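Chains as they are written, first to last, in the working numbering: chain A, 1 to 319; chain B, 1001 to 1542.
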Amino acid sequence: MTRVIGSRLFSTILVLFGVSLIVFLLLQMVPGDPAVTILGSGATAETVAALRTELGLDRSLPVQFFDYLGGLLHGDLGRSLTINTPVTDIMLPRFANTLILTAAALVLCILVAVPLGVIAAHKQYSIFDRASMMISLAGASVPVYWFGLLLIGIFAIGLGWLPTSGMYNPRFPGGVGDLSAHLILPAIAAALVPLAVIARMTRSVMIDILQQDYIRTLRASGLATTSVLWRHALRNALPPIVNIIGLQVGYLLGGVVFVEVVFGWPGLGQQLYTSITQRDIPVVQAGVLFIALAFVIINLFADVAVGLLDPRTRRKVGS
Amino acid sequence: MTHGPRRTQRRLSLRLVAVCFIALLSVSALAGCSRGPVRTGNVFVIAIESEADVLDPQVAGGWVTWRINRQIFEPLVDEDLTIPSAEATVPPLRPGLAQSWDVSKDGLEYTFHIRHGVRFHDGTPLNAEAVEYNIRRMWDKNSPQYSVKAAGQTNFVWKFLDSLQTIDDYTLKVRLKQPFSEFLRMLTQGGNGSTAIISPTALKTYGEDIADHPVGTGPFKFKERIRGERIDLVRNDDYWGTVPSIDGVVFRPLPDPSARTAALRSGDVDMIAVPNPDSIDNLVNEGYQLSEGIPPHIWYLSFNMKDKYTSKRAVREAINLAIDRDGMAQDLLRGSVNPALGVQALSAGGYVERKDAYQRNLDKARQLLASAGLANGFETTLITSTDGSGQIMPAQMAEFIQQNLAEIGINLKIQTQEWISYLGVWARGMQDGVGMAQMSWGMTSPYWLYIATSSELQAPNGPNVGYYANPALDKAMDNAITALDPKEADKFWRQANNIVTDDSALVPIVNDKAPYVLAPYVSGFVSASEEWYDLTHVRLNQ
C-alpha cells in the first residue's frame, strides 16, 4: 500500500509540472497583454513598455517559466500581476470557499444518491424506481445555471427562506449559521448532476449484485431484507461506487464554477475566470494547480478506500 | 412481469411526475407573494457588475473601481455630482482637497490652496507636502515613491507638468511647460487612473501594497475587502464636508445580471448596476426606481485611414449615414441608450450635435458610395469584443450595424474577441483588411478627443487606432489646449469636433444612460453626468 501511495505521489508531481507548463504555454498563446490590461485603453507604447519591464514580462519565456518553477519549489506561487498581491493570499481563501461548497455538495450527493440508488435497485421497475430514475435523468440533463436561477426564484425571492447569493449577509455578516443558510441553495445546485450520476450508478451496480447467487443464498437462509440490502449487497457494491464518487469530485470542482457565478460565491472558479480574462498568469497557474492537486489527492483517497473496502485488493496491495 | 402491471406502473409514474411538476409550479406561484420590509441596518448595499480592480486610486483603471475609490479618496479639484444630468449636462467643477486655486495669467502656474483642518482616515493631517508627495508618485521618476503603474495611468494629466513646489503648509505651486486648459477638469477624472490623494503615511508604510490598506480623506473609510465577496466602507464621521446619512456602503460584485436582479428583488441589495435591459420595465412596474443620466460614454467606431476603402472620405460618410442609431437605441437596446449625434458625448465640454452627419439617410449614403466608384459595394471587416466594461452588447450591436450596411451594399465581416484579448489587439492599431475598430470610452473633458484622434498618438504609440492625421485638427486642438480663456478653448474644441465630423473619422453610435435600479426605500441617489456617483446624500428611508 505504501508503495502504491508513493508511486502515486510521484506521478502527482509529474502531473502538476505538466499542468503548470501547459497552462503557462496556453496563456502565452492567447492574445492579450497583462500590461495593456492594467493600463487600459489610454495606454501609450512607452508606458506599456515600462510596465512590462517592471512586471518582468520582457524576459524570455523559458526564463519566466523556470523562475516561476523555482519559486514554486520554495512554496512561493508568485505575485498577481494585476493586483500586486501574493498569489497565495488571493487563492487560499478562494480555494477554501470552493472546498466548503464542494464538500457540502458531495455530502448531499452521497446522503441522497446512495440510498436512492439502493432502494431503486431493490424495488426495480416500481413507481419509486421509475420516478427517481426519471428525475435523476432529468437532473443530469438540466443546465446547472438554469437550475440555480430556478432555486433562487423559488426559495430566495418567492418564499424568502434563503438568501440569493454570496457567502455571508452583506449587512449583518454572521457566523456558521449565516454561512449554512447561504450554502444550501448553491450546494443543491452543484450536487444535482453528480447526484444523478451516482444514483444511477449505484442502482445499476446494486441490481447486478442483487442477482448474484450469494444474495439468493442469504435471502434463502432467512436474513432480513434490510440486512441483505444494506450490510451485504451495498458493501459489495461500494468499491465501484466509491470510484465513481471520486471521479465526480473532479466534475464537482469544475462544475461549481457556474454555480459560483450564479450564486456570487467567492470561490476559485470566479477568481479563475477573472484572472484568465486579465491574463494574470501566476493566479491562473495557482488556481489550476490547486484543482489538479485536489483532484489527484481525492482520487488517491478513493483508491485507498476501495483497497480497504475490497478484501481481494487489500490482500493484493498488501503483499 | 406481464405487460399489464407495467403499463399501470408507467401510468402511475407519469402521474407522480405530473404531481411533482404541479407542486413545483405552485411553489413558483408563491414567488409573487409580498414579503416583509427589508432590514437594511442603514448600510447601503450595491451589486456591481464585476470584481473591482485595486483600491489604489492612482493605479486602478476602469469606472467600476473609481466608483468605489472616489468614496474613500478625493482629488484636489472635484466635480459636483449632486446635480442630475437633466440640470447640468456637464457637471460643474467644485473645490475638492484644494479649497481654491489661482491660475497665473500665462496659464502656466497653478497655485492650489489646500483645505485646512482635513485629516486622512489614519489621522495624518492633509497639507501641501502630502499632496506633493502624491504627485511625485505619479510623475517624478527620481522620487522613491514613484510608481510605474500610477505614472502609466495618469500620464495624460501630468503630461505638461514642469515642476512642483510646496510654498507653505497649505500652498502648492504647480508649474506647467505649456498652458493646459483642461488641467483642472482632468484632475477630477478617474476612468483611467485618478489623481486622488492618498495618505503619505500609509504610502510610506505599505508602499505598493497600499491597495490593501487604502487611506484617504473621503466621506467613507475602508473597513474590509473580501475578494469576490464584498468591499465594506464605513461612514467617516470626521469628514470635512457633508457627513453621509448612511452608516456604510457595501459593494458586492455579482457578475451575472440575473443574479443582480434576484438579489435586488430579495432585498439582499439596495441598488444594482447594469441591469439587464429586458428586466428594467418589470422592475419599475414592481415599484423599483430607475435612475439614468447622460454620462460621457460613447460607443464608437474608428476608421482605418490606411485601408483602401475606408481611407476615402465618401465611404466613411456613407457608412455614418447608413447606420440606424435610433433603431439600435430603441429596438435593440430598449431605450437604455441614446443615439449618438456628436463625436463626443453630450456631457463632454465642446459638444457639437451634427444630425446632418449622424442621422440615417440611405439615399445620400448610396450616392456617396457611387461617387466613390463603389456603387456595387465592397467587403470590409469590423473588429469588436464579445464583452467588456461599457461595451453593452457588442456582438449584437455589430450585427445590427452589419444589417444596416448591407442595405447600401457593404458586406461587413465581424471579428470578435473576448475583452482583454480585444483590448490588446485594438491598442496595436488596425491591421490590413480591417476597416473599422470599435471601442466605448469618453470623458467629460473634451481633451478626450485629443487622446483619441491626435496624430501624435497614432497606434501603437497611443489610442488613435485608425492612424487618423489631420494637421488642421491638430492645430485646432493645440489651440484649445493652450487657450487661456475658457470660452476661447471651448470655441476651438467645437471646431475640433466639427473637423472630426467633417472628416468622418469616427462613427459615434450610441451614448449609454448608465441605468441603475434602486429599491423603493432609497432616496438621494443622483445620476449626474459622469460615469461615477456621489453617495453622501443617499438615505435609506425605513
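Glycine included, C-beta positions come from ideal geometry on N, C-alpha and C.
Just so we're clear, the structure is a prediction, and the values are computed from it rather than from any experiment.
Legend entry - Proximity to V1284(B) [Cα-Cα], best of E1531(B), D1534(B), V1517(B) and M1186(B): Nearest C-alpha to V1284(B): V1517(B).
Legend entry - Residues from the stretch 143 to 165 of chain A in contact with chain B, defined by Cβ distance under 7 Å: From the stretch 143 to 165 of chain A, only L149, I152, G153, I154, A156, I157, G158, L159, G160, P163, T164 and S165 have a Cβ closer than 7 Å to chain B.
Inset, instruction - Please state whether DSSP places E1530(B) in a helix, a strand or coil. - result: In this structure, DSSP gives E1530(B) a state outside helix and strand, which the three-state scheme calls coil.
Inset, instruction - Using DSSP bridges, identify the partner residues of S970(B). - result: No answer is possible for residue 970(B): it lies beyond the span of chain B, which begins at 1001 and ends at 1542.
Inset, instruction - Please say whether V296(A) and V15(A) have beta carbons closer to each other than 8 Å? - result: In this structure, V296(A) lies closer than 8 Å to V15(A) by Cβ.
Inset, instruction - Report all residues from its chain with a CB closer than 6 Å to the CB of D1307(B); omit the five preceding and five following residues, and keep chain order. - result: Its chain contains G1435 as the residues whose beta carbon lies nearer than 6 Å to that of D1307(B), once the 5 sequence neighbours on both sides are disregarded; these appear in chain order.
Inset, instruction - Pick out whichever of D1140(B), L1405(B), T1381(B) and E1109(B) has its Cα sitting closest to the Cα of N1361(B). - result: That would be L1405(B), whose Cα lies nearest to the Cα of N1361(B).
Inset, instruction - Just confirm the distance between the C-beta atoms of T164(A) and S1050(B), as a whole number of angstroms; I'd bet it's less than 8 Å. - result: About 18 Å; that fails the 8 Å criterion.
Inset, instruction - Determine, using beta carbons only, whether F1073(B) comes closer than 8 Å to chain A. - result: False, the Cβ-Cβ gap to chain A never drops below 8 Å.
Inset, instruction - Determine the extent of the beta strand (DSSP E) in which Q1165(B) is found, giving its start and end residues. - result: Here the beta strand (DSSP E) through Q1165(B) covers L1161 to D1168.
Inset, instruction - Answer yes or no: does any C-beta atom of chain A fall closer than 8 Å to that of E1379(B)? - result: It does not; no Cβ of chain A falls within 8 Å.
Legend entry - Whole alpha helix (DSSP H) elements within the stretch 193 to 230 of chain A, 4-residue minimum: The qualifying runs are 213 to 220.
Legend entry - Listed by chain order, chain B residues near F290(A) by CB distance under 8 Å: What F290(A) touches in chain B: nothing, since even the nearest Cβ is about 15 Å away.
Legend entry - One or two residues paired with I1246(B) in a DSSP bridge: Its beta-bridge partners do not exist; DSSP assigns none.
Legend entry - Y1351(B) classed as buried or exposed, judged by whether at least 16 other C-beta atoms fall within 10 angstroms: Y1351(B) is buried by the Cβ-count criterion.
Legend entry - Span of the alpha helix (DSSP H), counted from its first residue to its last, around L99(A): Where L99(A) is concerned, the enclosing alpha helix (DSSP H) stretches over V87 to H122.
Legend entry - Neighbouring residues, chain B, relative to I38(A) (Cβ below 7 Å): At a C-beta separation below 7 Å, I38(A) has these neighbours in chain B: G1061 and K1149.
Legend entry - Buried versus exposed, by CB contacts within 10 Å (16 or more), G318(A): Because G318(A) sits at a pLDDT of 44, beneath the cut-off of 50, its placement in the model cannot be relied upon, and the point is left open.
Inset, instruction - Out of A1348(B), S1291(B) and G1373(B), state which residue places its alpha-carbon closest to the alpha-carbon of A1314(B). - result: By alpha-carbon distance to A1314(B), the top candidate from A1348(B), S1291(B) and G1373(B) is G1373(B).
Inset, instruction - Check whether the stretch 1182 to 1201 of chain B touches the stretch 1065 to 1073 of chain B, taking contact to mean three or more Cβ pairs, one atom from each stretch, closer than 8 Å. - result: Touching, yes, given that three or more Cβ pairs across the two stretches are closer than 8 Å.
Inset, instruction - Look at the Cβ atom of L1535(B), then the Cβ atom of P1339(B), and state whether they are nearer than 8 Å. - result: No, these two residues do not count as a Cβ contact at 8 Å.
Inset, instruction - Return no unless some Cβ of chain E is closer than 8 Å to the Cβ of A96(A). - result: This model lacks chain E altogether, as its protein chains are A and B.
Legend entry - Assigned secondary structure, R1230(B) (DSSP; H/G/I helix, E/B strand, else coil): DSSP, reduced to helix, strand and coil, places R1230(B) within a strand of the structure shown.
Legend entry - Cα-Cα separation between G175(A) and V1250(B), rounded to whole angstroms: A straight-line Cα-Cα distance of about 18 Å links G175(A) and V1250(B).
Legend entry - Where S20(A) falls: helix, strand or coil (DSSP): Reduced to three states, the DSSP call for S20(A) is helix.
Inset, instruction - Taking only the alpha-carbon atoms, compute the straight-line gap between D1209(B) and L1203(B) and give it to the nearest angstrom. - result: Annotation: D1209(B) to L1203(B) spans about 8 Å, alpha carbon to alpha carbon.
Legend entry - Whole runs of the beta strand (DSSP E) within the stretch 1070 to 1096 of chain B, excluding any shorter than 3 residues: The stretch 1070 to 1096 of chain B is shown to contain whole beta strand (DSSP E) runs of 3 or more residues at 1077 to 1079 and 1093 to 1095, in chain order.
Inset, instruction - Closer than 9 Å, Cβ to Cβ, to anything on chain B: give me those residues from the stretch 15 to 33 of chain A, in chain order. - result: Going along the stretch 15 to 33 of chain A in chain order, one finds V30, P31, G32 and D33 with a Cβ nearer than 9 Å to chain B.
Inset, instruction - Assign L272(A) to buried or exposed, taking buried as 16 or more other Cβ atoms, counted over all protein chains shown, within 10 Å of its Cβ. - result: Per the 10 Å Cβ criterion, buried.
Legend entry - Close beta carbons around L1396(B), own chain, < 8 Å, minus the five adjacent residues each side: The question names Leu, yet the displayed sequence has Gln at residue 1396(B). Excluding sequence positions up to five before and after Q1396(B), its CB lies within less than 8 Å of the CB of L1332, all in the same chain and listed in chain order.
Legend entry - Which of helix, strand or coil DSSP assigns to F1222(B): The DSSP-derived three-state label of F1222(B) is strand.
Inset, instruction - Could you name the residues of chain B that P266(A) contacts, counting a contact when the two beta carbons are closer than 7 Å? - result: By Cβ distance, chain B contributes I1226, R1227, G1228 and E1229.
Legend entry - Same chain, Cβ closer than 8 Å to G250(A), five either side skipped, listed in chain order: Apart from the 5 residues on each side of it in sequence, G250(A) sits with its Cβ closer than 8 Å to the Cβ of F295, I298 and N299 in its chain, given in chain order.
Legend entry - Residue(s) in a DSSP beta bridge with I1197(B): DSSP lists E1074(B) as partners of I1197(B).
Inset, instruction - Since I believe S1336(B) is in contact with P1515(B) (beta carbons under 8 Å), could you give me their beta-carbon distance rounded to a whole number of angstroms? - result: The pair is a contact, with the Cβ atoms about 6 Å apart (cut-off 8 Å).
Legend entry - Residues near M1393(B) by beta carbon distance below 8 Å, same chain, minus five either side: For M1393(B), the CB contacts under 8 Å within the same chain, skipping 5 residues up- and downstream, are L1332 and L1333 in chain order.
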